[in-house]
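These protein sequence lines map, in sequence, to chains E and W.
Per the working numbering, residue 405 is the first one in the first sequence, and the count goes up by one each step.
Per the working numbering, residue 405 is the first one in the second sequence, and the count goes up by one each step.
There are 2 protein chains.
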Amino acid sequence: MPSRKLRPGEIAAELPTTFDAGLYFIGRLRTPWARREDCPKNSGESQAVCTIELDPRYADGLRDVETVSHLIVLYFMDEAARDILLQAPNHYKRPHGAFALRSPARPNPIACSVVRLLRVEGTQLEVLGLDCRDGTPLLDLKPYFASIDAVPQAIVGWHAEEQG
Amino acid sequence: MPSRKLRPGEIAAELPTTFDAGLYFIGRLRTPWARREDCPKNSGESQAVCTIELDPRYADGLRDVETVSHLIVLYFMDEAARDILLQAPNHYKRPHGAFALRSPARPNPIACSVVRLLRVEGTQLEVLGLDCRDGTPLLDLKPYFASIDAVPQAIVGWHAEEQG
């Protein structure tokens, strides 16, 4: 049985019965949005200053992070359905695959956001560019390297077509 | 006890005794490198064509992926130590925090690589830009949106200084 009522055109997968690996929640993201419905549709629509609270157990991992201008933040979208593969979000004209969307709903609901780092104070990081619910579990922080991560010419064909 | 012998200057964390969430391995990455030691140091150093083999169970999630020029690939670095927070890789002059490095060793060893999509054939995707071991478990595929993911002006201060 799918994890939520399917919309017309949607298809859900039968997920495996066991997991293959485990995740630690290493902190929490503090944002102005208490519920999922309140969140901006994507990080480009938000200029709110948010706080990443790292569990002090991992404090040693922050050495030199303050020299980084932008971070890749991986976090766990713990309210997302994991089984809906063909999805029909209300704001698009037709269904698209989970792997062609940035929707939270996917087999491993891990989001990947690029944020601007404003300040590090102990294990708290002030950043610009998050768009998730307050209290969202943090999975990882990585330095953003323009040389490997920036592809300004990248194109999402179906999206350009829906907008055009 | 740390998961591998620490190098001088390194610090390991005491990890929690239980996981907070689970991951599904949704496919495998096929690359020319059988062992971790053979892999290029980063994706910028590799122009090998690699194949992403998605488990056919998730095939419906690929709808419209063929219209995307670049994908974000999340994969699980299953041979990495998870507890080493302050790290002294051989190719850097001094130790840096795991969250200031793209090293596989981190509490949640999830890599995030941007690849160019060459071709989709069924549940096999030919891509350019992977640098991991053959057989590495796949966690997620996302379309790369230049509007939110491309930050050409990003700076990693400690790295620029070590190179400079």
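Just so you know, even glycine gets a beta-carbon here, dropped at the ideal spot from N, CA and C.
What does the alpha-carbon distance come out to for the pair residue 473 of chain W and residue 474 of chain E? 23 Å
Write down every uninterrupted run of the beta strand (DSSP E) in the stretch 438-475 of chain E whose length is 3 residues or greater and which is fully enclosed by it, in chain order. For the stretch 438-475 of chain E, whole beta strand (DSSP E) runs of length 3 or above, ordered along the chain, are 453-458.
Whole-angstrom distance between residue 412 of chain W and residue 507 of chain E, CA atom to CA atom: Each residue's alpha carbon lies about 43 Å from the other.
Determine, using beta-carbon pairs with one atom in the stretch 531-541 of chain E and one in the stretch 555-567 of chain E, whether at least three such pairs fall under 8 Å. no
Within chain E, partners of residue 500 of chain W - CB distance below 8 Å: 467 and 468
Nearest CA to the CA of residue 492 of chain E: which residue from E:505, E:483, E:486 and E:482? E:505
Quick one, are the C-beta atoms of residue 555 of chain E and residue 518 of chain W less than 8 Å apart? Yes, the Cβ-Cβ distance between residue 555 of chain E and residue 518 of chain W is below 8 Å.
Determine the extent of the beta strand (DSSP E) in which residue 514 of chain W is found, giving its start and end residues. 514-525
Starting from the beta carbon of residue 562 of chain W, find every residue of chain E whose beta carbon is closer than 7 Å, and list them in chain order. 468 and 471
Cα-Cα separation, residue 407 of chain W to residue 488 of chain W: 8 Å
What residues are listed by DSSP as bridge partners for residue 488 of chain E? In DSSP, residue 488 of chain E forms a bridge with E:416.
Which two residues bound the contiguous beta strand (DSSP E) that contains residue 426 of chain W? 425-427
Chain W contact for residue 495 of chain E (CB, 8 Å cutoff): Closer than 8 Å: no.
Can you grab the Cα-Cα spacing for the pair residue 418 of chain E / residue 510 of chain E, in whole Å? 12 Å
Coarse secondary structure for residue 544 of chain E, derived from DSSP in three states: strand
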